[in-house]
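Position one of the sequence shown corresponds to residue 584 (the working numbering), numbered consecutively onward.
Note that the Cβ used here is the ideal one computed from N, Cα and C, for glycine as well.
This report refers to the structure that appears directly beneath it.
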Amino acid sequence: MASLPALRAVLLVALSVFLTVVLGFGLPALLNAFMRMLGLPETSVTECIVALYAVFVLYVATPRIPRGLVEVKGKAVLITGCDTGFGYALAKHLHKLGFTVFAGCLLKDKGGDGAKELEELHSDRMKVVQLDVCNEEQVNKAVDHFREILGESEAVLWAVVNNAGVSTFGEVEFTSMDTYKHVSEVNLWGTIRVTKAVLPLIRRAKGRVVNVASMYGRMGNIMRSPYCISKYAVEAFSDCLRYEMKAWGVKVSVIEPGNFIVATGILTRDIVATTANKLWSEAPSEVKEDYGKTHFEQNMALMRSYCSSGQKDTVSVLDDITDAIMSKRPHTRYSPMEPHWWIRMQVMTHLPGAISDLLYF
Numbered sequence: 584m585a586s587l588p589a590l591r592a593v594l595l596v597a598l599s600v601f602l603t604v605v606l607g608f609g610l611p612a613l614l615n616a617f618m619r620m621l622g623l624p625e626t627s628v629t630e631c632i633v634a635l636y637a638v639f640v641l642y643v644a645t646p647r648i649p650r651g652l653v654e655v656k657g658k659a660v661l662i663t664g665c666d667t668g669f670g671y672a673l674a675k676h677l678h679k680l681g682f683t684v685f686a687g688c689l690l691k692d693k694g695g696d697g698a699k700e701l702e703e704l705h706s707d708r709m710k711v712v713q714l715d716v717c718n719e720e721q722v723n724k725a726v727d728h729f730r731e732i733l734g735e736s737e738a739v740l741w742a743v744v745n746n747a748g749v750s751t752f753g754e755v756e757f758t759s760m761d762t763y764k765h766v767s768e769v770n771l772w773g774t775i776r777v778t779k780a781v782l783p784l785i786r787r788a789k790g791r792v793v794n795v796a797s798m799y800g801r802m803g804n805i806m807r808s809p810y811c812i813s814k815y816a817v818e819a820f821s822d823c824l825r826y827e828m829k830a831w832g833v834k835v836s837v838i839e840p841g842n843f844i845v846a847t848g849i850l851t852r853d854i855v856a857t858t859a860n861k862l863w864s865e866a867p868s869e870v871k872e873d874y875g876k877t878h879f880e881q882n883m884a885l886m887r888s889y890c891s892s893g894q895k896d897t898v899s900v901l902d903d904i905t906d907a908i909m910s911k912r913p914h915t916r917y918s919p920m921e922p923h924w925w926i927r928m929q930v931m932t933h934l935p936g937a938i939s940d941l942l943y944f
């Protein structure tokens, strides 16, 4: 079976060829006819189309053009949410590259498996710390610990990767306000809380802030409003911070992963069943009556189908986060996702809403 990067390359080439045919033959003829009707020169249309297509090709190709790398020696990175998923894999990956890693784990004090496995590396460059991003006292305690360790060495806190997060689902009328608050508390306020605590250290190092958002920070979807709201806010926070930090030489990047449900285990059938029971039992009787059990079960079946979907390999996410940390000229946004999700995101963010609504909803 072809590897994901190879498949992505084939699909992008196929899309490029398709656009070449459409833009090279069909659209110019149509626009030239329109220009003739207006009494304008025809050649300007073709030139504009060629220029636009060249920009598109450069946009697709640029993320993989080498832009120089920073020196790893003497640099430390803080990663939140290292118990499982992206955070756990990233901690091991960056440690292997030579970084000193502060791995923040929610379940370290409770003997979590992820924290134990990272500690079992028995490395001076792997520092596992208890870190609940919703607990300001824990965050401040962890930062004091970082300062103490850094003060005893020549290392600097070069980057923070705000990876900790939670996901949930449910239609708006079935979702409680407490759920909205909880998701935002972890995904948004946790990101802000940790960033503010370490920013003086990052600023002095002229380092990096990398915030893990989602493709749902760029586009909405049914039954995902709590998650989308929090990730949209992470995107906005990252943009504002990037503008402010430019004067200090700090680079701020956003990672927008696509569907990695299988790889991270963030959604399982047990989670769907538990959440479904909670949503239905706590919903107002008027909402239950209007929506009906059949409609509700159809949506829950849809969520169950997602449990076995998505990419199984997190390499693309790890590579993009690593680039954001190590590249001398990191991108503001990285979108590691399957081609069909990338196309959907472009359609939903660049075309009129009426078109994307017709195509996807």
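- [ ] Could you give the DSSP three-state label for V792: helix, strand or coil?
- [x] strand
Task: Burial state of L784 (16 or more Cβ within 10 Å) - done: Buried.
Task: For Q713: DSSP bridge partner residues - done: C688
Open item on the list: Going by DSSP in three states, T877 sits in which element: helix, strand or coil?
Closed with: helix
Task: Rounded distance between the beta-carbons of A846 and K895, thought under 8 Å - done: That pair is a contact at about 5 Å.
Open item on the list: Taking CB distances under 8 Å as the criterion, tell me whether V781 reaches chain C.
Closed with: The chain inventory of the structure shown lacks chain C, comprising one protein chain alone.
Task: Span of the beta strand (DSSP E), counted from its first residue to its last, around I662 - done: From DSSP, the beta strand (DSSP E) with I662 extends over 658-662.
- [ ] Report the rounded CA-to-CA distance for G622 versus L934, giving the unit in angstroms.
- [x] 29 Å
Task: Cα-Cα separation, V817 to E921 - done: Separation of V817 and E921 (C-alpha to C-alpha, rounded to the nearest whole angstrom) is 22 Å.
Task: Within 8 Å, strictly: CB atoms of M883 and E839 - done: No, Cβ-Cβ distance for M883 and E839 is not below 8 Å.
Task: One or two residues paired with S759 in a DSSP bridge - done: Looking at the DSSP output, S759 shares a beta bridge with no other residue.
Open item on the list: Quick check on DSSP: helix, strand or coil for L942?
Closed with: Helix.
- [ ] Can you grab the Cα-Cα spacing for the pair G664 / A672, in whole Å?
- [x] 10 Å
- [ ] Flag K699 as yes when its Cβ comes closer than 7 Å to any non-hydrogen atom of the ligand ATP, and as no otherwise.
- [x] Among the components of this structure there are no ligands whatsoever, and the ligand ATP is therefore not found.
TODO: With a 10 Å radius around its C-beta and 16 neighbouring C-beta atoms as the bar for buried, classify R807 as buried or exposed.
DONE: buried
- [ ] Go ahead and label L885 buried or exposed: buried means 16 or more other beta carbons lie within 10 angstroms of its beta carbon, across all protein chains shown.
- [x] exposed
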